[in-house]
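Inspection log for the structure reproduced underneath, given as C-alpha coordinates.
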Amino acid sequence: MSTEVAAPATIEVNDAYFCTHFKEVCGDCGYDGREENDAFFGFDPIDREGIECPPAIINKDGVYQCKKHALTGQMRSLLYQWDELTIIEGCNQCYGWKKQINRARTAAKKAGKK
1 MSTEVAAPAT IEVNDAYFCT HFKEVCGDCG YDGREENDAF FGFDPIDREG
51 IECPPAIINK DGVYQCKKHA LTGQMRSLLY QWDELTIIEG CNQCYGWKKQ
101 INRARTAAKK AGKK
(Lines of atoms letter the chains of each structure in order from A and count residues from 1; the text may use other names and numbers.)
(Lines give C-alpha, C1' and ligand atoms only; values in the text may rest on other atoms or scores of the structure.)
Protein backbone atom coordinates (compact mmCIF):
# COMPACT_ATOMS: atom_id res chain seq x y z
CA MET A 1 0.00 0.00 0.00
CA SER A 2 1.45 3.34 -1.08
CA THR A 3 1.12 6.38 1.17
CA GLU A 4 1.24 9.77 -0.48
CA VAL A 5 2.38 12.74 1.55
CA ALA A 6 0.61 15.96 0.66
CA ALA A 7 2.81 18.91 -0.22
CA PRO A 8 2.51 21.81 2.21
CA ALA A 9 0.11 24.56 1.18
CA THR A 10 1.92 27.66 0.00
CA ILE A 11 1.30 31.37 -0.27
CA GLU A 12 2.98 33.74 -2.69
CA VAL A 13 3.85 37.14 -1.29
CA ASN A 14 5.24 39.67 -3.75
CA ASP A 15 6.70 36.90 -5.98
CA ALA A 16 8.26 34.79 -3.17
CA TYR A 17 6.86 31.50 -1.84
CA PHE A 18 6.23 30.71 1.82
CA CYS A 19 4.28 28.09 3.74
CA THR A 20 1.03 29.10 5.38
CA HIS A 21 3.06 29.82 8.56
CA PHE A 22 4.73 32.66 6.57
CA LYS A 23 8.13 30.90 6.58
CA GLU A 24 10.42 30.09 3.68
CA VAL A 25 11.79 27.13 5.66
CA CYS A 26 9.34 25.62 8.14
CA GLY A 27 9.96 22.84 10.63
CA ASP A 28 6.24 22.57 11.39
CA CYS A 29 5.08 21.62 7.89
CA GLY A 30 8.38 20.64 6.24
CA TYR A 31 8.24 23.35 3.58
CA ASP A 32 11.49 24.64 2.02
CA GLY A 33 11.10 27.29 -0.68
CA ARG A 34 14.70 28.59 -0.75
CA GLU A 35 15.66 26.96 -4.04
CA GLU A 36 12.57 28.19 -5.86
CA ASN A 37 12.87 31.71 -4.45
CA ASP A 38 16.61 31.91 -5.21
CA ALA A 39 15.98 30.83 -8.79
CA PHE A 40 13.12 33.30 -9.28
CA PHE A 41 15.26 36.21 -8.11
CA GLY A 42 18.20 35.17 -10.31
CA PHE A 43 20.44 33.50 -7.71
CA ASP A 44 22.09 30.09 -7.78
CA PRO A 45 20.75 28.03 -4.85
CA ILE A 46 23.02 27.85 -1.79
CA ASP A 47 22.54 26.64 1.77
CA ARG A 48 21.33 29.77 3.54
CA GLU A 49 18.96 30.68 6.31
CA GLY A 50 15.34 31.01 5.26
CA ILE A 51 13.59 34.35 5.22
CA GLU A 52 10.28 34.98 6.92
CA CYS A 53 7.34 36.99 5.75
CA PRO A 54 6.49 39.80 8.17
CA PRO A 55 3.11 39.41 9.81
CA ALA A 56 0.08 39.98 7.64
CA ILE A 57 -3.56 40.09 8.53
CA ILE A 58 -6.71 39.66 6.51
CA ASN A 59 -8.83 42.79 6.71
CA LYS A 60 -12.63 42.94 6.78
CA ASP A 61 -12.68 42.86 2.96
CA GLY A 62 -10.77 39.56 2.97
CA VAL A 63 -7.56 41.16 1.67
CA TYR A 64 -4.10 40.57 3.17
CA GLN A 65 -2.26 43.61 4.48
CA CYS A 66 1.09 44.04 6.17
CA LYS A 67 0.63 44.70 9.89
CA LYS A 68 3.43 47.27 10.15
CA HIS A 69 2.29 49.66 7.43
CA ALA A 70 -1.32 48.48 6.98
CA LEU A 71 -0.81 48.41 3.22
CA THR A 72 -3.16 46.13 1.39
CA GLY A 73 -2.46 44.12 -1.65
CA GLN A 74 -4.60 42.03 -3.89
CA MET A 75 -5.19 38.50 -2.73
CA ARG A 76 -6.14 35.85 -5.21
CA SER A 77 -6.28 32.10 -4.95
CA LEU A 78 -5.69 29.65 -7.74
CA LEU A 79 -5.11 25.96 -8.20
CA TYR A 80 -1.47 25.27 -9.07
CA GLN A 81 -0.25 21.72 -9.60
CA TRP A 82 -3.00 20.27 -7.42
CA ASP A 83 -2.36 22.66 -4.51
CA GLU A 84 -4.21 25.83 -3.68
CA LEU A 85 -1.91 28.80 -3.94
CA THR A 86 -2.75 32.13 -2.36
CA ILE A 87 -1.02 35.12 -3.93
CA ILE A 88 -0.52 38.31 -1.95
CA GLU A 89 0.70 41.47 -3.65
CA GLY A 90 1.39 44.43 -1.44
CA CYS A 91 3.85 46.28 0.79
CA ASN A 92 7.24 46.52 -0.92
CA GLN A 93 8.79 47.92 2.26
CA CYS A 94 8.13 44.67 4.12
CA TYR A 95 8.19 42.34 1.15
CA GLY A 96 11.46 43.32 -0.60
CA TRP A 97 12.64 39.72 -0.94
CA LYS A 98 15.58 40.14 -3.34
CA LYS A 99 17.40 42.35 -0.83
CA GLN A 100 16.58 40.00 2.07
CA ILE A 101 17.70 36.92 0.13
CA ASN A 102 20.90 38.69 -0.88
CA ARG A 103 21.63 39.46 2.80
CA ALA A 104 20.98 35.83 3.78
CA ARG A 105 23.28 34.63 0.98
CA THR A 106 26.06 37.01 2.08
CA ALA A 107 25.75 35.82 5.68
CA ALA A 108 25.85 32.17 4.53
CA LYS A 109 28.99 32.80 2.48
CA LYS A 110 30.68 34.53 5.44
CA ALA A 111 29.75 31.57 7.64
CA GLY A 112 31.30 29.18 5.09
CA LYS A 113 28.07 27.54 3.85
CA LYS A 114 27.83 26.55 0.20
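Under the UniProt record's numbering, the first residue of the sequence shown is numbered 1, with each subsequent residue one higher.
All C-beta atoms in this analysis are idealised placements derived from N, C-alpha and C, irrespective of residue type, glycine included.
Roughly how far, in whole angstroms, is the beta-carbon of residue i from the beta-carbon of residue j, given that I think they are within contact range, below 8 Å?
i          : j           : result
residue 97 : residue 39  : Residue 97 to residue 39, Cβ: 12 Å. No contact.
residue 48 : residue 108 : 4 Å
residue 24 : residue 51  : 5 Å
residue 95 : residue 37  : Incorrect: roughly 12 Å between the Cβ atoms, too far for contact.
Do you know how far the Cα of residue j is from the Cα of residue i?
i           : j           : result
residue 61  : residue 110 : 44 Å
residue 75  : residue 55  : Low confidence applies to residue 75: its pLDDT is 49, below 50, so where it sits in the model is not reliable, and the reading given next is rough at best. About 15 Å.
residue 18  : residue 66  : 15 Å
residue 104 : residue 45  : 12 Å
residue 43  : residue 58  : 31 Å
residue 99  : residue 34  : 14 Å
residue 31  : residue 20  : 9 Å
residue 106 : residue 112 : 10 Å
In terms of residues, what are the limits of the beta strand (DSSP E) holding residue i?
i          : result
residue 16 : 16-19
Are residue i and residue j close, meaning C-beta to C-beta below 7 Å?
i           : j          : result
residue 69  : residue 91 : yes
residue 101 : residue 41 : yes
Residue range of the alpha helix (DSSP H) that residue i falls in?
i           : result
residue 93  : Run containing residue 93: none; DSSP gives neither H nor E here.
residue 107 : 97-110
Closer than 6 Å to a non-hydrogen atom of the ligand FAD - does that hold for the CB of residue i?
i          : result
residue 56 : For the structure depicted, the ligand FAD is absent and the ligand set is empty, with no information on it obtainable.
At which residue ranges does the region 21-71 contain complete beta strand (DSSP E) runs of 3 or more residues, listed in the order of the chain? 56-58, 64-66
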